[in-house]
Amino acid sequence: MNADPTIPLHAALTGRSALLDDLRPVLGRRPSVVVITGEAGVGKSRLVRELLARTRSSDTPTLAVRCQESDAPFPYAPLIEALSRCRPRPEELSPVTGALRGLLPEVADLLPPVPPPADDPRAGAHRVLRALCALTASLGRVVLAVQDLQWADEGTIAFLRAVVSDPPPDLGLVLTARSDTLPHTDAEAGGGLPFPLRPPAHAVVVERHLAPLSVAETGAMAAGLLGARAVPEEFADRLHRWTGGLPHVIEEVLREWSDATACPARTTGQPEPPLPASVRRPLVERLRRLPSDARRVVAAAAVLGDPAPVHLLGAVAGLDEQETRRALAAALKEGVVRAGGGTYAFPYELARRAAYEAVAEPERPVLHLRAARALARHGGPLPLVRVAEHYRCAGLRTQAVRCLEAAADRAARGGDAGTATDRYLDALHGGPSAVVRDRVALKLARVALNARTGPQVPAALRNVLGRCSLGPGPSGEIRLLLGLLLRNQSGSGLEALEEIARAVPDLLAVSTGQAARALAIIAIPSLKGWPVGEHRRLLAEAERLLPQVDEEDLRSAVLANRATALALMGDPSAWDAVADLPEALTVETAARVHANLAGAATALGHPERARAFQARAWQAVRTNHAPYLEAFVETTDMLAAFTSGRWAGLLERAERAEEQYQDVPDFHAETLLVCGLLRLHTKGQTDVARRLLERAVRTTALDTGIVLTSAAAAVVRVHLAADRPTQAVQAVEGVLHHLRRTGAWVWATALAPPAVQALIRDGRDGEAHHLATELADGIARRDAPAARAALLTCRALLTATTGPQTGAGGSDALYAAAADAWAALERPYEAAYVREAWGLRLLAAGARGGRAVLHEAIAAYQDIDAVWDVLRCQRGLREHGQVTVRRPGALGYGDHLSPRERAVARLVSLGLSNREIARELVLSHRTVEHHVARALRKLGVSSRTQIGSQLGP
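The number in the working numbering is simply the position in the sequence shown, starting from 1, with 47 added.
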């Protein structure tokens, strides 16, 4: 296993640089012996090649040779090869070196005459040994490297034993040998060497055992080979498992793996790497050298896959314990398997694959069947998934499916919904009978709701429904659960509602409780769903059926969905419905309903209720491992934190969640929303924020009044800050259409005030007044304090279109009432936004107090770290001739770009003018000019067009 020297040096020496630095000075001292051991492919040859390159000089020649594997090796073959390349000085040669004339014709003319023949062949052999030692000593300061001593012939071993025991004073000796264990100098043979190391006291001896690379080092080497800065940790871990951290195997795999550059992007669904011939061939050759029983045990280990004890290997191989132990000893000696903790396994996965492929095709099913039966008899919990795989490979599909179903049932009982879902899917894909298929599909549909599933589950359930083998009860329940999956996890909003609606007739035929549950589910309103009136009708149908529902779990589910639906509609009776919930809810139902209620209470403007509901939701999910419910409660909590102005550390938390929840559209959309809003308000990164908000809008499935409205409101504020009122109006049109179509005006809280402001600034006063009227009518008789605060804000903003007013209905009173309303609802951002609009209104009218009100807004924004909004207020003060005093102690960035300079430079690189940048970042034109000048200087360029190339990622 000798690697190609064309590998990039920085990748080849990953994890070995420190060792090279240690060994180099050793060879500088004489006499010295360096011994390097390690298993095949660990990089011994490459290390020696680099070590010799670093120590080579004009006065220190190096002779590097390798012992070759051979059934009948020629005596002294590697030494003859090395010495044939030297040019000894005749005057320094001992007469005994003449014995080498026949062995070294290349330098025969420089050697003394051939001595008389010895009478005893043993004396002649000893003379050759002495001659080799003498010729080596005559070379002076030289480095001799002899590699792969596990294949050395007896003559070479005798020579090295003699040289190590009495080394020439100027000799540097480097030896390598294959060994899977650490060296032991005092052993009969030192760590893979075919002779013991017994050097004199004055010789410098260093032994090093090369271990495989760690996971981190494997990732670093892979990155070097792929030309990447880094590879994901998950990919490095998988590559290490495949290759055992052996550099040669890593290199060969990545060389042949055409998709390797793409595979690190994801950690699931990756294809297995190729098994290069250069990796397979040496292992197969070692297998051929093994005795028959050892090959049988190796085949058993390859079939079992996981580390296995002696009795299990023997059962699969068909050997008794003593035969198995002898066979394992042979396999261990050859380095085919490793021992650890009383079990035996291959050193890495590709080695197991090579051994498995060496098993004759007809023998594999027999071995797999033995493995399944042996594992079934094995003590401890039955490894059902492994047994199922062995049955599958043995061609026994029925037994395989039975084991997979049992494994899924066990995971479901233990609360591991994700694992149970995977196993039920495997069972369905295993080709079960119709009866088993229908039974497993129903179990899958029930458990998948609490797992974070991909598209495979809906596809599998649709496949079962399409076979028309189910009765009305199972068909209706599976269709209901499929609809829930589509609604909650797959991003298919209206399709999900329609699927659940189709389930109702089937459910009514067999279970009033299931039908009531389905109706209560689709009664929950959404901004992309049906009009609120239709949801109310469906809820009334569910309530009509409720007295006929005797099953406690179904009754609880209907009551929970009823409370959720009423709360999301802002119905005053929602809190009575919450009081009607039974005390003994299941963990799943408790987590769902309280997370739903917490989100509704936050949106409606009931912060104390929201906190209480959220606490109960957290309490529920902490008692049960359900990834979907954990994600549900976490995203609800993040939205509440943003709404209440608890922004410290929230961006980092939201970005972690955004990476984790990409497989659940609505949760992913909510994390994207929070990330986008915080990027805008706390960082002033308007371009990044808008991209995140656009992704959130595209991702959300149904949206219970959060994502579409909040994202549109933020985009409106960006356009208004950049003095683009027409674009601001365009940004709200789509969401206003959803609000008008559904009648869900209680969800217009975030959008209505900036929408009214945009219409006013675009000269569309009549439309602004009409929007406020629609909002007022839409929230009449609704329990929606936040929407009422938004209505107050709209009315305050509309005073700009009606002229000066005084008294209780005057603009000052309306602004003050709106700010107080938001403060009472624990919404500091909205309260500050009202004060900002109020202060600017006063400054524009030349009235007293405008500066003070705007400074109150700035202070409130600063309390929640709303940097972008502070800058917008400060610009408003400047535009009205008010001077702002910069706080002392500003952070210096030296020759590095400050965050604001980098933001300006980024927009310059996109081709924006200074005036456009000023509007985008809410800065003055002169401030932008200063930032551009500093960016040009710090980046060392003279033109705006050069900024992009120097800016970096």
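Beta carbons: idealized from backbone N, C-alpha and C, even for Gly.
Please read all numbers here as calculations on a predicted model, not as lab measurements.
Cα separation between residue 406 and residue 172? Indexing the sequence shown from 1 puts residue 406 at position 359. Indexing the sequence shown from 1 puts residue 172 at position 125. Distance between the alpha carbons of residue 406 and residue 172 is about 46 Å.
Using only CA atoms, which one of 387, 543, 343 and 786 lies nearest to residue 417? As a position in the sequence shown, residue 417 is number 370, starting the count at 1. Per the Cα distances, 343.
Using C-beta distances below 7 Å, list every residue in its chain close to residue 63, excluding the 5 sequence neighbours before and after it, in chain order. Position 16 of the sequence shown, counting from 1, holds the residue named residue 63. If we look at residue 63 and ignore the five residues flanking it on each side, its Cβ neighbours are 90 and 94.
Answer with buried or exposed for residue 78, where buried requires no fewer than 16 other C-beta atoms within 10 angstroms of its C-beta. Within the sequence shown, numbered from 1, the residue matching residue 78 stands at position 31. That one is buried.
Starting from residue 649, follow the beta strand (DSSP E) in both directions and report where the run begins and ends. Residue 649 sits at position 602 when you count from the first residue of the sequence shown. Unbroken run through residue 649 is the alpha helix (DSSP H), 634-651; no beta strand (DSSP E).
Mind checking residue 65: buried by the 16 CB within 10 Å criterion, or exposed? In the sequence shown, the residue the question calls residue 65 occupies position 18. With fewer than 16 Cβ atoms within 10 Å of its Cβ, residue 65 is classed as exposed.
Relative to the C-alpha of residue 711, which candidate in 540, 121 and 142 has its C-alpha closest? Reading the sequence shown from its first residue, position 664 is the one you call residue 711. Looking at the Cα atoms, 540 is the closest of the given residues.
Residues of its chain near residue 109, where Cβ-Cβ distance is below 6 Å and the 5 sequence neighbours each way are ignored: Taking the sequence shown and counting its residues from 1, the one referred to as residue 109 is at position 62. Around residue 109: 99, 103 and 190.
Check this for me: beta carbons of residue 382 and residue 87, under 8 Å apart or not? Here residue 382 refers to the residue found at position 335 when the sequence shown is read from its first residue. Here residue 87 refers to the residue found at position 40 when the sequence shown is read from its first residue. Yes, Cβ-Cβ distance for residue 382 and residue 87 is below 8 Å.
Just tell me which of 793, 961, 756 and 825 has its CA closest to the CA of residue 802. Locating residue 802 in the sequence shown gives position 755, counting from the first residue. Cα-wise, what sits closest to residue 802 is 756.
Would you give the residue range spanned by the beta strand (DSSP E) that residue 254 belongs to? Residue 254 sits at position 207 when you count from the first residue of the sequence shown. 251-256 is the span of the beta strand (DSSP E), which, as asked, contains residue 254.
Please name the residue in 617, 726 and 718 whose C-alpha comes closest to that of residue 743. In the sequence shown, the residue the question calls residue 743 occupies position 696. The option with the nearest alpha carbon to residue 743 is 718.
Beta carbon of residue 186 nearer than 8 Å to that of residue 211: Along the sequence shown, one-based indexing puts residue 186 at 139. Along the sequence shown, one-based indexing puts residue 211 at 164. In this structure, residue 211 does not lie closer than 8 Å to residue 186 by Cβ.
Whole angstroms are fine: how far does the CA of residue 927 sit from the CA of residue 881? As a first step, residue 881 must be located in the sequence shown, where it is residue number 834. As a first step, residue 927 must be located in the sequence shown, where it is residue number 880. In a straight line, the C-alpha of residue 881 is about 18 Å away from that of residue 927.
Would you say residue 618 and residue 830 are within 8 Å of each other, going by their C-beta atoms? For this step, residue 618 is matched to residue 571 along the sequence shown. For this step, residue 830 is matched to residue 783 along the sequence shown. Yes; because the gap between Cβ atoms is below 8 Å, this pair is in contact.
Would you call the region 504-511 and the region 717-734 in contact, with 3 or more CB pairs under 8 Å? no
So the candidates are 728, 642 and 123; which of them puts its Cα closest to the Cα of residue 12? In this structure the chain extends from 48 to 1000, so residue 12 is not present and cannot be described.
Exposed or buried, what is residue 957 when buried is set at 16 or more other beta-carbons lying within 10 Å of its beta-carbon? To locate residue 957, count along the sequence shown from 1; it is residue 910. It is exposed - the Cβ of residue 957 has fewer than 16 other Cβ atoms within 10 Å.
Through-space distance from residue 646 to residue 580, alpha-carbon basis: In the sequence shown, the residue the question calls residue 580 occupies position 533. In the sequence shown, the residue the question calls residue 646 occupies position 599. The straight-line gap from Cα to Cα measures roughly 21 Å.
Given a cut-off of 8 Å, decide if residue 157 and residue 135 are closer than it, judged by their beta-carbon atoms. Here residue 135 corresponds to residue number 88 of the sequence shown, with the count starting at 1. Here residue 157 corresponds to residue number 110 of the sequence shown, with the count starting at 1. Yes.
Rounded straight-line distance, which links the Cα of residue 528 to that of residue 842: Position 795 of the sequence shown holds residue 842. Position 481 of the sequence shown holds residue 528. Going from the Cα of residue 842 to the Cα of residue 528 covers about 45 Å.
Evaluate the contact criterion for the region 262-269 versus the region 277-285: three or more CB pairs, one atom per stretch, below 8 Å. yes
Cβ-based neighbour list, residue 584, same chain, cut-off 7 Å, excluding 5 preceding and 5 following: For the purposes of this step, residue 584 is taken as residue 537 along the sequence shown, with counting starting at 1. Nothing meets the Cβ criterion.
Compute the distance between the beta-carbons of residue 915 and residue 969, then report whether it is under 8 Å. By 1-based counting over the sequence shown, the position of residue 915 is 868. By 1-based counting over the sequence shown, the position of residue 969 is 922. It is a contact, given that the beta carbons lie within the stated cut-off.
Please look up how many angstroms separate the CB atoms of residue 431 and residue 454, rounded, as I've assumed it's under 8 Å. Indexing the sequence shown from 1 puts residue 431 at position 384. Indexing the sequence shown from 1 puts residue 454 at position 407. The pair is a contact, with the Cβ atoms about 4 Å apart (cut-off 8 Å).
Give the straight-line distance between the Cα atoms of residue 682 and residue 696, rounded to the nearest whole angstrom. Sequence index remark: in the sequence shown, residue 682 carries index 635 (1-based). Sequence index remark: in the sequence shown, residue 696 carries index 649 (1-based). Looking at the two C-alpha atoms, the distance is approximately 15 Å.
Could you tell me how far apart the beta carbons of residue 606 and residue 629 are, in whole angstroms, since I believe they sit closer than 8 Å? Numbered from 1 along the sequence shown, position 559 holds the residue referred to as residue 606. Numbered from 1 along the sequence shown, position 582 holds the residue referred to as residue 629. Confirmed, about 7 Å.
Counted within 10 angstroms of its Cβ, other Cβ atoms place residue 679 as buried (16 or more) or exposed: Here residue 679 is taken as the residue at index 632 of the sequence shown, counted from 1. Buried, because 16 or more other Cβ atoms sit within 10 Å of the Cβ of residue 679.
For the alpha helix (DSSP H) containing residue 403, name the first residue and the last one. Taking the first residue of the sequence shown as 1, we reach residue 403 at position 356. Run containing residue 403: 396-404, per the alpha helix (DSSP H) assignment.
Measure the C-alpha to C-alpha separation of residue 867 and residue 632 and round it to an integer number of angstroms. In the sequence shown, the residue the question calls residue 867 occupies position 820. In the sequence shown, the residue the question calls residue 632 occupies position 585. For residue 867 and residue 632, the distance between alpha carbons rounds to 38 Å.
List the endpoints of the continuous beta strand (DSSP E) containing residue 83. The count along the sequence shown starts at 1 and reaches residue 83 at position 36. Where residue 83 is concerned, the enclosing beta strand (DSSP E) stretches over 79-85.
Should the region 648-660 be called in touch with the region 683-693, which here means at least 3 C-beta pairs below 8 Å? yes
Quick one: grab the DSSP three-state call for residue 391. Counted from its first residue, the sequence shown places residue 391 at position 344. Residue 391 falls in the strand class under three-state DSSP.
Quick check: what's the CA-CA separation for residue 166 versus residue 201? For the purposes of this step, residue 166 is taken as the residue at position 119 of the sequence shown. For the purposes of this step, residue 201 is taken as the residue at position 154 of the sequence shown. Roughly 22 Å separates the two Cα atoms.
My guess is that residue 296 and residue 326 are in contact by the Cβ rule of under 8 Å, so how many angstroms apart are they, rounded? Taking the sequence shown and counting its residues from 1, one reaches residue 296 at position 249. Taking the sequence shown and counting its residues from 1, one reaches residue 326 at position 279. Confirmed, Cβ separation roughly 5 Å.
Can you name, in chain order, every residue of its own chain whose Cβ lies under 6 Å from the Cβ of residue 293, other than the five neighbours on each side? Taking the first residue of the sequence shown as position 1, residue 293 is located at position 246. Closer than 6 Å at the Cβ level, and outside the excluded window around residue 293, lie 88, 89 and 259.
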